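Student: Mind having a look at this structure? Questions to follow.
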Amino acid sequence: MGRVNRVFARYARIIACGLPLRNVDNKLARKVAYVGVPTDIKKVAKQPLVSDSVNLVILGGSQGLCTFGKTFALAITELPAHIRSRVFVTQQCGKGQLETVTELYARYSIKHQLSGFFTDMKNIIGEADLIISRAGATTIAEVMAAGKPAIYVPYERSSCNHQLYNAQLVEGLGAGLCVEEQALDVSIARNVLTTLLGNPSKLQEMSRNATKHATLNADAQFCAVERFRSDGYVKRAIVEEVEYQYIFGDGASLTLMNTTTYEQVSISADMLGEKGVYLKEGVILTLSFYQGQVVAARVPDYVVLEVVETESVIKGQTASSSYKSAVLENGERISVPPFIKGCAQVLQGLVRDFNEIRCLQPSHVAAGEFAKAAYIRSSRIISEELHAYKQECGILFDDAYIGQNPGELFWFVSPIDSRTNFTNGLPYFATVVALVKNGEVTAAVVDAPVLRETFYVDKGLGAFVENYQSRYVRMHVAKRESVKAALVDVSAGCPDVLSLSQNLASQHAVLRSMGSVMLGFAYAASACYDMVVYSRVNEYKARIVKREYLVEGTCFEVRVDRYLRGLLPGVTQSFIERLLRKGEILLNNTKAKSSTRVSNGDVLSIKHVDCIVLREKEIRALRHVPLLDLVNSSILYEDQNIIAINKPAGVSVQGGSKVKVSISDVLDKIKPGECCRIVHRLDKDTSGVLVLARNLDVARYLACEFRREGSKRNILRLPEVFRSRHLGGEYANILQGTVRRWGEND
């Protein structure tokens, strides 16, 4: 009996059973009445074994065919030819077996009728000559009522193994055969079928025994168990339901507490069954009390448990084909997919909406309203999913107002990155979800649902891309050394990018404007684009892209800004200083300053690039070409140590907040292969001679000399080559001293 039946059996006066019970307590035995199971199948039953054919029915239901259906199908194909030619098979096939079994029967010319579900089960059983089925009580009652011989295969996982008891009971009555599932194979099934189908008298004997022991009037007996008088009544059972909070468990029993009266009660762990292992402290259960005793317990629909430990994902694992072991916070070990996609509902909805929005293209207003509704719906679903996953985290959407403070730990969400593409029916849009901690993106996923591409990154684990062709591919950048023929994605229509785009085009770069910033970043990081040039990018979208450099070689105690200038020669000094002021450059996960020194083994991280993100190691500052031509045409003197330049008025030596281009920006291009260094400064509106050192040793020496008091007063005759340039006296004196000191006096 079931758990509830066992509890209420103590208070019942009559216990009506469909089959005889086993292991019945003596106190309950006198209450038991065997009445059978009400059924009307007997009304359509025919005499078994028509001479010209044998109707073999194989049933399984929810606990059947996946295990033994194919075994009997193979056994039928191996029957002797004179028996196989007479068999007509009516079979209920499990999921995934319908096509296989159909092909098998067709190959051996076996007449058959296959279906995943039969609606008219009464006629199916009534027309059968031999039935193969599980051994549930209702199934046995219907088969015996119809007087049909049967082969019963008990479900090995049935509660208390009751199906085995049922099958053995029927076999003892001579109304069927019991074949245990553990011992079942094709040869045993073939032998059993051959014995029964080749011996009609045996089947007829089993049919007579089934009819003899069947309860044909179970409905009448059930009603006649106890008859009440017209004025009789049954007292209604008063069951009280109270909520209790789970405190702890010791394996066999669970202790709960009433949160109102603080009364504690202990219940058996068997009352919850397998669901009991997922309890944790604080979970609310509903207990049902009858006459002061707990008769039932109901657990909540779901509990939220944190995965505290998982195995590492190995290369080749996918989200749908494998599982990995995980440990929950309560110590229970479960199997989970390698990757969990919490917003699959959003992606499926966006694909559906994208297919529908193409029908609205003639009306731009209707398409815009449809896209807005899709954005709002996706935002709501993602918000609910993320809140259920981490309730302590805030959520910041890409359309939030500037200055909003979501906290130290929050989600950044862009439900539809590039709503313009989505509205116009272009598939280049993506859903972006990123986890931000203390201003730094620690994990992110970019999913393009229509393109079926997913890019995901986790700090410390790496960045990977998945699509319909491959899974778990590590992302990498291209190794192009020049912008010539490079594929570049730009943000069209931005004045900040227009001039740079023109210079890129003049260098034969291939320009694209896809319209989705995050897809552009993802394609750049996966070697599809060689370079991306964007302006006015959302702060957290840009922070998903991060570059790290390991300080290697012979570097020792070098300033951060100078090291980055050497590492990224195309990036201006003012740009690096701006990043340092904003705290976007980290040295060993600590904000770096201009004066901070780096050494071998240090890790430099650039959180994001404010307006330009270039993927090549050598970044080409193409907008500096006009200034470079001017500097090369203004060289007055050069040797292996210095270069003297006639700086005109209006040209800045070093960059500043309002300076877009300066001589310091083109130092690495004056002499290819070496980076010149500025020894002294001149004001922007001052014309004069600017001395550049061609190596670090010369720069240090000249800087020391210029700091000495007598260096600037050392006046010599100006060489003739400089006199024609009408240079200022002070700078001419400096140049004369420099030239004399290096042995170049004429």
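If you read the sequence shown in UniProt numbering, its first letter stands for residue 1, the second for the next number, and so on.
Ideal placement from N, C-alpha and C gives every residue a C-beta, glycine not left out.
All values reported here derive from a predicted model rather than from experimental measurement.
Roughly how far, in whole angstroms, is the beta-carbon of L519 from the beta-carbon of A448, given that I think they are within contact range, below 8 angstroms?
Tutor: 6 angstroms
Student: Thinking C-beta only, is Q97 closer than 8 angstroms to I58?
Tutor: no
Student: With DSSP run on the structure shown, which of helix, strand or coil describes C178?
Tutor: Secondary structure at C178: strand, using DSSP grouped into helix, strand and coil.
Student: If I measure Cβ to Cβ from K280 and keep anything under 8 angstroms in the same chain, skipping five residues before and after, which residues do I get?
Tutor: Hits under 8 angstroms: Y246, V303, L305, E329 and N330.
Student: Determine which residues share a DSSP beta bridge with S253 and list them.
Tutor: S268
Student: Thinking just about the alpha-carbon of each residue, which of G394, I14 and L28 is nearest to the one in F412?
Tutor: G394
Student: Could you tell me the alpha carbon to alpha carbon distance between A371 and Y529, rounded to whole angstroms?
Tutor: Each residue's CA atom was taken as its position, placing A371 and Y529 some 28 angstroms apart.
Student: Given a cut-off of 8 angstroms on the beta-carbon distance, is the pair A252 and V143 in contact?
Tutor: Not closer than 8 angstroms, so no.
Student: For A12 and K31, I'd like the C-alpha separation in whole angstroms.
Tutor: One Cα belongs to A12, the other to K31, and the distance between them is close to 8 angstroms.
Student: How many Å lie between residue 747 and Q291 at the Cα?
Tutor: The displayed coordinates of the chain run from 1 to 746. Any statement about residue 747 would go beyond what the structure contains.
Student: How far does the alpha helix (DSSP H) with V186 in it extend, from its first residue to its last?
Tutor: V186 to L197
Student: Out of V101, A145, T590 and S363, state which residue places its alpha-carbon closest to the alpha-carbon of T215.
Tutor: A145
Student: Count the other C-beta atoms from every protein chain shown that fall within 10 angstroms of the C-beta of Q163, then say buried if there are 16 or more, exposed otherwise.
Tutor: It is buried - the Cβ of Q163 has at least 16 other Cβ atoms within 10 Å.
Student: Suppose contacts are defined by Cβ-Cβ distances below 8 angstroms. Is M475 in contact with A485 by that definition?
Tutor: no
Student: DSSP state of V465, grouped into three classes?
Tutor: strand
Student: Quick one: measure Cβ to Cβ for Y155 and L177, integer angstroms, because I've assumed they're closer than 8 angstroms.
Tutor: Between L177 and Y155 the Cβ distance is about 16 angstroms, and since that is not below 8 angstroms, they are no contact.
Student: Using the three-state DSSP reduction, which class does M531 fall into: helix, strand or coil?
Tutor: strand
Student: Give every residue of the same chain whose Cβ lies closer than 6 angstroms to the Cβ of L409, excluding the five residues on either side of it in the sequence, and list them in chain order.
Tutor: Sequence-distant partners of L409 (beyond 5 residues in either direction) whose C-beta falls short of 6 angstroms from its own C-beta, in its chain, are C393 and K437.
Student: L627 and V653 - do their beta-carbons sit closer together than 8 angstroms?
Tutor: no
Student: Assuming contact is defined by CB atoms lying nearer than 8 angstroms, are L287 and Y244 in contact in what I supplied?
Tutor: In this structure, Y244 lies closer than 8 angstroms to L287 by Cβ.
Student: What is the DSSP secondary structure of K671, reduced to helix, strand or coil?
Tutor: coil
Student: Please state the DSSP three-state secondary structure of T71.
Tutor: helix
Student: Going by CA-CA distance only, name the one from S634, A150 and A592 that's closest to A649.
Tutor: Among S634, A150 and A592, the Cα nearest to that of A649 belongs to S634.
Student: For N438, does the three-state DSSP call read helix, strand or coil?
Tutor: coil
Student: Starting from the C-beta of S115, find all residues in its chain whose C-beta is less than 6 angstroms away, skip the five residues before and the five after it, and write them out in chain order.
Tutor: none
Student: Can you list, in chain order, the residues of its chain with a C-beta nearer than 6 angstroms to that of A128? Leave out the 5 residues immediately preceding and following it.
Tutor: N55, V57 and K148
Student: Given this structure, state the Cα-to-Cα distance separating S574 from L487, to the nearest angstrom.
Tutor: 27 angstroms
Student: Once DSSP output is grouped into helix, strand and coil, what is the label at Q168?
Tutor: helix
Student: Take K684 and list the residues in its own chain whose beta-carbon comes closer than 6 angstroms to its own, dropping the five residues that flank it on each side.
Tutor: S652
Student: Determine the extent of the alpha helix (DSSP H) in which S115 is found, giving its start and end residues.
Tutor: Per DSSP, S115 belongs to no alpha helix (DSSP H); it is in the beta strand (DSSP E), K111 to S115.
Student: Express the C-alpha separation of R377 and E240 in angstroms, rounding to a whole number.
Tutor: The alpha-carbon atoms of E240 and R377 are separated by roughly 42 angstroms.
Student: With DSSP collapsed to three states, give me the class of F118.
Tutor: In the structure shown, F118 sits in coil (DSSP, three-state: anything other than H, G, I, E or B).
Student: Does DSSP classify Q348 as helix, strand or coil?
Tutor: helix
Student: Could you compute how far the alpha carbon of S418 sits from the alpha carbon of R565?
Tutor: 34 angstroms
Student: Nearest-angstrom Cα distance between A374 and T420?
Tutor: Cα-Cα distance, rounded: 13 angstroms.
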